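S.K.: Following this message is one structure expressed as structure tokens.
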Amino acid sequence: MLDLKSLILTVKLAGIVTPFLVIAVLPAAYLISFTRFKGQKIVEAALNLPLFIPPTVLGFFLLIMMGPDSFPGSVYEKITGSRLIFSFEGLVLALMISNIPFAVQPVLTAFRKLDKRLIEASQMLGFNRFKTFILVVVPNSVSGIASSAALVFSHCLGEFGVVLMVGGSVPGETKTASVSIFESVEMLDYSGAFKMSFILLAAGFFFSFLITGVLKND
Amino acid sequence: MIEFNLQKKIGTINIDVKLACKKREALSITGESGAGKTTLLRLAAGLEKPDSGFIRINGQTLFCSREKINTPPHKRKISYVFQDYTLFPHWSIEKNILYTALDKDLGNYLIDHFNISHLRKRKPLKASGGERQRAALAQAVARKPDLLLLDEPFSSLDSKNRKIASEYLYSVRDIISCPVVLVTHDHEEALYIGDSFCEIEKGGIKGGSVISKRSFSYAFS
Numbered sequence: 016m017l018d019l020k021s022l023i024l025t026v027k028l029a030g031i032v033t034p035f036l037v038i039a040v041l042p043a044a045y046l047i048s049f050t051r052f053k054g055q056k057i058v059e060a061a062l063n064l065p066l067f068i069p070p071t072v073l074g075f076f077l078l079i080m081m082g083p084d085s086f087p088g089s090v091y092e093k094i095t096g097s098r099l100i101f102s103f104e105g106l107v108l109a110l111m112i113s114n115i116p117f118a119v120q121p122v123l124t125a126f127r128k129l130d131k132r133l134i135e136a137s138q139m140l141g142f143n144r145f146k147t148f149i150l151v152v153v154p155n156s157v158s159g160i161a162s163s164a165a166l167v168f169s170h171c172l173g174e175f176g177v178v179l180m181v182g183g184s185v186p187g188e189t190k191t192a193s194v195s196i197f198e199s200v201e202m203l204d205y206s207g208a209f210k211m212s213f214i215l216l217a218a219g220f221f222f223s224f225l226i227t228g229v230l231k232n233d
Numbered sequence: 098m099i100e101f102n103l104q105k106k107i108g109t110i111n112i113d114v115k116l117a118c119k120k121r122e123a124l125s126i127t128g129e130s131g132a133g134k135t136t137l138l139r140l141a142a143g144l145e146k147p148d149s150g151f152i153r154i155n156g157q158t159l160f161c162s163r164e165k166i167n168t169p170p171h172k173r174k175i176s177y178v179f180q181d182y183t184l185f186p187h188w189s190i191e192k193n194i195l196y197t198a199l200d201k202d203l204g205n206y207l208i209d210h211f212n213i214s215h216l217r218k219r220k221p222l223k224a225s226g227g228e229r230q231r232a233a234l235a236q237a238v239a240r241k242p243d244l245l246l247l248d249e250p251f252s253s254l255d256s257k258n259r260k261i262a263s264e265y266l267y268s269v270r271d272i273i274s275c276p277v278v279l280v281t282h283d284h285e286e287a288l289y290i291g292d293s294f295c296e297i298e299k300g301g302i303k304g305g306s307v308i309s310k311r312s313f314s315y316a317f318s
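Chains D and X are the protein sequences, given in the same order.
Per this note's numbering, the first sequence starts with residue 16, numbered consecutively.
Per this note's numbering, the second sequence starts with residue 98, numbered consecutively.
Okay, here's the thing in structure tokens:
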């Protein structure tokens, strides 16, 4: 059986994580690309860290960090009255952290490819760093930013390890499409698993085509 | 008036130049490739930091190694026309010129005067090289800067378009009230635009000082 509820929840999750994360990484990518500061390589390595550790390991650390005994978890609970782990909001936060490298890398590549003379021309027109970033860097890196968004969105659709560790499987709250597929297979509901998998496969192909076929030619 | 006395070591070249240029005057700087002409303009603009020396415009110090003053480029009120790529590719030519124009009427006048009014809504990459450089000049002049730096602005153009662009620049000399420093390897262009001249050789001024139009014309005739 097609688990429409999980599918809608997954799209909602990806739809929230993507814009927030992409906007959040833009200033960080700008600072890394156009300025020099102490510990720059360490910051870049830290941003790429989720790429180099198993999702379950990342999920485990996030579970500890967001738990009710942790500082962020207890502050959140005091403010909202509810727990961060096994909640939709917790899942949003966890996916934002686990997807940082997928958001940062295309933007960094786009910023680094940008002709430095544009930045100098902007400075000579009296634009400070912020104006240069908003008026010159971002508009000339649209395809890189769109690639970043497509990559984050498609990763959110398929994320499993982190989701299971931090969110568990609360129907309508944290049970995403990939968790639903896993449970369908466990219950030997291959037909339901196939339908869900096919939808994610089609979505994956769409985003892959968008990034390689459309955005790279831009 | 601009006065600068700048020193910087780049590789094997030691830039060591002392120059001054009054308001409404144009100083043409010539010299071989790699002599340090462009570096000199970049130092004046603040795009590169001198090792020592000072830059003063209208009595205001923009850089002074002794007093540790180094005004960032965006606060210097200097217009800089590069060899190419001054205009933003994502903006129309009109927006490129008017967005930073201190005097919008002057910007509109320059668009008409430089014969690019038919390109107002067009993106720079859809215009010819000559039209782009005229637009870049209009952008630079409309900002009413304290100093106008021109770094071989027409070198990427063919001889016909270079002459046209030079004539357009000459035609707005009355409008430009600030000092103009033109770097070019074209002696004819230097003579046409400049009031005073100097040749940069291995980072320094050949002969030690600027020369008059007559001396320059005689030297290269």
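In this text, a Cβ means the ideal position worked out from N, Cα and C, and glycines have one as well.
What you are looking at is a predicted structure, and each value in this text was computed from that prediction instead of being measured.
So which of D:Phe103, D:Ser169, D:Val181 and D:Gly187 has the shortest CA-CA distance to Phe221 (chain D)?
M.R.: D:Ser169
S.K.: Note down, in chain order, all residues in the stretch 131–159 of chain X with a beta-carbon under 9 Å from any beta-carbon belonging to chain D.
M.R.: Arg139, Ala142, Gly143 and Leu144
S.K.: Kindly indicate which residue of D:Thr189, D:Ser48 and D:Ile160 has the alpha-carbon position closest to the one of Leu172 (chain D).
M.R.: D:Thr189
S.K.: Taking all protein chains shown into account, decide if Lys172 (chain X) is buried (16 or more other Cβ within 10 angstroms of its Cβ) or exposed.
M.R.: exposed
S.K.: Can you confirm whether the stretch 129–139 of chain D touches the stretch 174–183 of chain D when touching is taken to mean that 3 or more C-beta pairs between the two stretches lie within less than 8 Å?
M.R.: no
S.K.: Report the CB separation of Leu246 (chain X) from Ser176 (chain X) in whole angstroms; it is logged as a contact under 8 Å.
M.R.: 7 Å
S.K.: What does the Cβ neighbour count give for Gln230 (chain X), buried or exposed, with the cut at 16 atoms within 10 Å?
M.R.: buried
S.K.: Chain D beta carbons: is any one of them nearer than 9 Å to that of His171 (chain X)?
M.R.: So, interface residue.
S.K.: Within its chain, find whatever has a CB closer than 8 Å to the CB of Lys20 (chain D); leave out the 5 residues flanking it on each side and keep chain order.
M.R.: Pro186, Gly187 and Lys190
S.K.: Do you know offhand how far Ala235 (chain X)'s Cα is from Phe211 (chain X)'s?
M.R.: Each residue's alpha carbon lies about 7 Å from the other.
S.K.: By Cβ distance, which residues of its chain are closer than 6 Å to Ala125 (chain D), with the 5 residues on each side in sequence left out?
M.R.: Ser156 and Gly159
S.K.: Which residue from X:Glu285, X:Val269 and X:Lys106 puts its Cα closest to that of Glu122 (chain X)?
M.R.: X:Val269
S.K.: Classify Leu203 (chain D): buried if its beta carbon has 16 or more other beta carbons within 10 angstroms, exposed otherwise.
M.R.: exposed
S.K.: Closer than 8 Å is the cut-off here; do at least three beta carbon pairs connect the stretch 106–124 of chain X with the stretch 132–151 of chain X?
M.R.: At 8 Å Cβ cutoff, the stretches touch.
S.K.: Near Thr168 (chain X), which residues of its chain fall below 6 Å by C-beta distance, leaving aside the five closest residues on each side in sequence?
M.R.: Leu159
S.K.: Give me the chain X residues within the contact set of Val151 (chain D), using Cβ-Cβ distance strictly less than 7 Å, ordered along the chain.
M.R.: Chain X residues near Val151 (chain D): Phe185.
S.K.: Pick from D:Ser163, D:Gly219 and D:Ser193: whose alpha carbon is nearest that of Leu36 (chain D)?
M.R.: D:Ser163
S.K.: Does chain D have any CB closer than 9 Å to the CB of Thr197 (chain X)?
M.R.: yes
S.K.: Are Val58 (chain D) and Ile68 (chain D) touching if we call contact CB-CB under 9 Å?
M.R.: no
S.K.: Smallest Cα separation from Glu286 (chain X): which of X:Arg163, X:Asp271 and X:Pro250?
M.R.: X:Pro250
S.K.: Does any C-beta atom of chain D lie closer than 9 Å to the C-beta of Ile208 (chain X)?
M.R.: no
S.K.: Take every Cβ of the stretch 93–111 of chain D, pair it with every Cβ of the stretch 23–30 of chain D, and state whether three or more of those distances are shorter than 8 Å.
M.R.: yes
S.K.: Under three-state DSSP, which class holds Tyr196 (chain X)?
M.R.: coil
S.K.: Going by DSSP, what residue range makes up the alpha helix (DSSP H) through Lys131 (chain D)?
M.R.: Lys131 to Met139
S.K.: Quick check on Arg132 (chain D) - is its C-beta less than 9 Å from some C-beta in chain X?
M.R.: yes
S.K.: Residues of chain D with CB under 9 Å from Ser189 (chain X), in chain order?
M.R.: Within chain D, no residue comes near Ser189 (chain X); the closest Cβ sits about 13 Å away, beyond 9 Å.
S.K.: Under 7 Å Cβ-Cβ, which residues of chain X neighbour Glu135 (chain D)?
M.R.: Contact note: Glu135 (chain D) reaches chain X through Leu144, using a C-beta cutoff of 7 Å and chain order.
S.K.: Run through chain D and tell me which residues come within less than 7 Å of Tyr177 (chain X), C-beta to C-beta.
M.R.: Met139
S.K.: Helix, strand or coil for Ala132 (chain X), going by three-state DSSP, please let me know.
M.R.: coil
S.K.: I need the boundaries of the alpha helix (DSSP H) containing Phe222 (chain D), first residue and last residue.
M.R.: Tyr205 to Phe224
S.K.: Within the stretch 102–167 of chain D, note down every full alpha helix (DSSP H) run reaching 4 residues or more, in order along the chain.
M.R.: The stretch 102–167 of chain D contains these whole alpha helix (DSSP H) runs: 103–113, 115–128, 131–139 and 144–147.
S.K.: Using 9 Å as the threshold, is the C-beta distance between Leu77 (chain D) and Ile112 (chain D) below it?
M.R.: Yes, Cβ-Cβ distance for Leu77 (chain D) and Ile112 (chain D) is below 9 Å.
S.K.: So, with DSSP's three-state summary, where would you put Val26 (chain D)?
M.R.: helix
S.K.: Quick check on DSSP: helix, strand or coil for Val269 (chain X)?
M.R.: Here Val269 (chain X) sits in coil by DSSP.
S.K.: Since I believe Tyr289 (chain X) is in contact with Tyr75 (chain X) (beta carbons under 8 Å), could you give me their beta-carbon distance rounded to a whole number of angstroms?
M.R.: Any property of residue 75 (chain X) remains undetermined from this structure, which presents chain X solely from 98 to 318.
S.K.: For Asn193 (chain X), does the count of other Cβ atoms within 10 angstroms reach 16, so buried, or fall short, so exposed?
M.R.: buried
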